[in-house]
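Note sheet for the following structure.
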């Protein structure tokens, strides 16, 4: 399951973050403003967030293998079509539909891990999934930036090819996971009723939405900021993403040891506080190298935090894991949509990265309060989640 988790999140993660370093090129190619170019990030996230609301309950009632293989086919098709876009709306539409099919894929990984591995290995296996996202930044995003020097279409074609190979891996290695009997009781909306009856879960989902809004606000416009204020080329932006991704990968691969040492709740509490402070410090940055160092530290902390936050969400239910996983991904991409929509304005209306940095810091601090309100830091049955 570790190989499947890593491979899937690597491909999906690469595509999710693909447009961030390409925004300067796409803005020039389609003659759009910085504010409008943010919608190339938001389109994918919007498609994902909307359709995940359907995909979640569906995956709790149908074999997860069928769901993930279907999603991979559609994802491959529409990612490839992104490279054939001829204007703003054609690229927006293709990105939106790629997001729709992606919503059938990655939630199945997060939902399947607690069902296929021993309890003591859940966080470690989720760490491999998170590492897939991190390596996407180390290898995928910089390679995308470098490939874009030969044309903005090439990165999309490359991801489509990788997605086709992913389908082969999933077909051969992803197990059949029929729904549990309790998940089949009632109607299509039953999983949502289960979620609505759990206030602590609702608060955790809200906190996760706020958290991801803050994280992606900073992440999505790094390339645009580096190009505008520091004159960074596409190659330099690719190098920066490589370094930042190394920090994220290191956090993902070492996070389980950190959690084992101080515990889940303390990791979550300290991590959220530290992230808020680190992102706020970006507002004081005046040089490229300082900014690069701060973002690398932020992504290192993020690599530690993501498996913990996903584990906290999955700990709330045993019969609606697919719905919770999809809702968490909906929250993430809704956060991406919000940050993509407002981040461009914050970048142009405030000096440096100060507008986005303050937004990110405040969002993460607020998410900490919401998590606390939902009882995320209280031991459950005498143990941490």
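Residue numbers (this note's numbering): -16 to 368. Even glycine gets a Cβ: it sits at the ideal position worked out from N, Cα and C. These numbers come from a predicted model, not from an experiment.
Proximity of residue i and residue j at Cβ, strictly below 9 Å
| i | j | result |
| --- | --- | --- |
| residue 39 | residue 174 | yes |
| residue 258 | residue 198 | yes |
| residue 114 | residue 79 | no |
| residue 36 | residue 309 | yes |
| residue 188 | residue 64 | no |
| residue 231 | residue 31 | no |
| residue 94 | residue 318 | no |
| residue 214 | residue 138 | no |
| residue 82 | residue 221 | no |
| residue 227 | residue 279 | yes |
| residue -10 | residue 116 | no |
| residue 400 | residue 336 | As displayed, the chain neither begins before -16 nor continues past 368, which places residue 400 out of reach and without an answer. |
| residue -5 | residue 34 | no |
| residue 223 | residue 275 | yes |
| residue 254 | residue 287 | yes |
| residue 9 | residue 74 | yes |
| residue -15 | residue 111 | yes |
| residue 323 | residue 24 | yes |
Nearest-angstrom Cα separation, counted from residue j out to residue i
| i | j | result |
| --- | --- | --- |
| residue 7 | residue 210 | 8 Å |
| residue 353 | residue 118 | 30 Å |
| residue 144 | residue 161 | 29 Å |
| residue 146 | residue 85 | 11 Å |
| residue 205 | residue 3 | 7 Å |
| residue 343 | residue 196 | 7 Å |
| residue 108 | residue 98 | 12 Å |
| residue 351 | residue 362 | 16 Å |
| residue -2 | residue 289 | 18 Å |
| residue 14 | residue 130 | 21 Å |
| residue 52 | residue 270 | 45 Å |
| residue 176 | residue 233 | 39 Å |
| residue 334 | residue 263 | 14 Å |
| residue 251 | residue 89 | 23 Å |
| residue 347 | residue 355 | 12 Å |
| residue 219 | residue 136 | 19 Å |
| residue 341 | residue 327 | 14 Å |
| residue 62 | residue 140 | 7 Å |
| residue 190 | residue 11 | 36 Å |
Buried/exposed call for residue i, threshold 16 Cβ in 10 Å
| i | result |
| --- | --- |
| residue 217 | buried |
| residue 180 | exposed |
| residue 200 | buried |
| residue 151 | exposed |
| residue 102 | exposed |
| residue 331 | exposed |
| residue 22 | buried |
| residue 244 | exposed |
| residue 70 | exposed |
| residue 298 | buried |
| residue 184 | buried |
| residue 272 | exposed |
| residue 133 | exposed |
| residue 367 | In this prediction, residue 367 scores a pLDDT of 49, lower than 50, which makes its location untrustworthy; the coordinate-derived value is nonetheless stated afterwards. That one is buried. |
| residue 149 | buried |
| residue 56 | exposed |
| residue 142 | buried |
| residue 5 | buried |
| residue 329 | buried |
| residue 172 | exposed |
Among the options, the one whose alpha carbon lies nearest that of residue i
| i | options | result |
| --- | --- | --- |
| residue 104 | 313, 242 and 147 | 242 |
| residue 358 | -12, 131 and 186 | 186 |
| residue -13 | 247, 336, 96 and 323 | 96 |
| residue 208 | 11, 360 and 17 | 17 |
| residue 304 | 178, 240, 265 and 281 | 178 |
| residue 156 | 57, 28 and 49 | 49 |
| residue 291 | -15, 106 and 46 | 106 |
| residue 325 | 338, 92 and 90 | 338 |
| residue 225 | 306, -16, 322 and 1 | 1 |
| residue 307 | 138, 66 and 192 | 192 |
| residue 229 | 249, 256, 328 and 281 | 281 |
| residue 158 | 111, 100 and 140 | 100 |
| residue 153 | 92, 194 and 141 | 92 |
| residue 72 | 277, 314 and 20 | 20 |
| residue 360 | 142, 182, 248 and 329 | 248 |
| residue 256 | 194, 68, 42 and 24 | 194 |
| residue 265 | 320, 202 and 314 | 202 |
| residue 260 | 321, 320, 42 and 345 | 345 |
| residue 43 | 140, 61 and 300 | 300 |
Within-9 Å CB hit, residue i to chain D
| i | result |
| --- | --- |
| residue 210 | In the structure shown, chain D cannot be found, because there is only a single protein chain. |
### Start-end ranges of the beta strand (DSSP E) lying completely within the region 109 to 197, minimum 3 residues
none
### Message
As an exercise, report each continuous alpha helix (DSSP H) stretch of at least 4 residues that is fully enclosed by the region 291 to 349, in chain order.
### Response
304 to 332
### Query
At which residue ranges does the region 212 to 275 contain complete alpha helix (DSSP H) runs of 4 or more residues, listed in the order of the chain?
217 to 245 and 247 to 264
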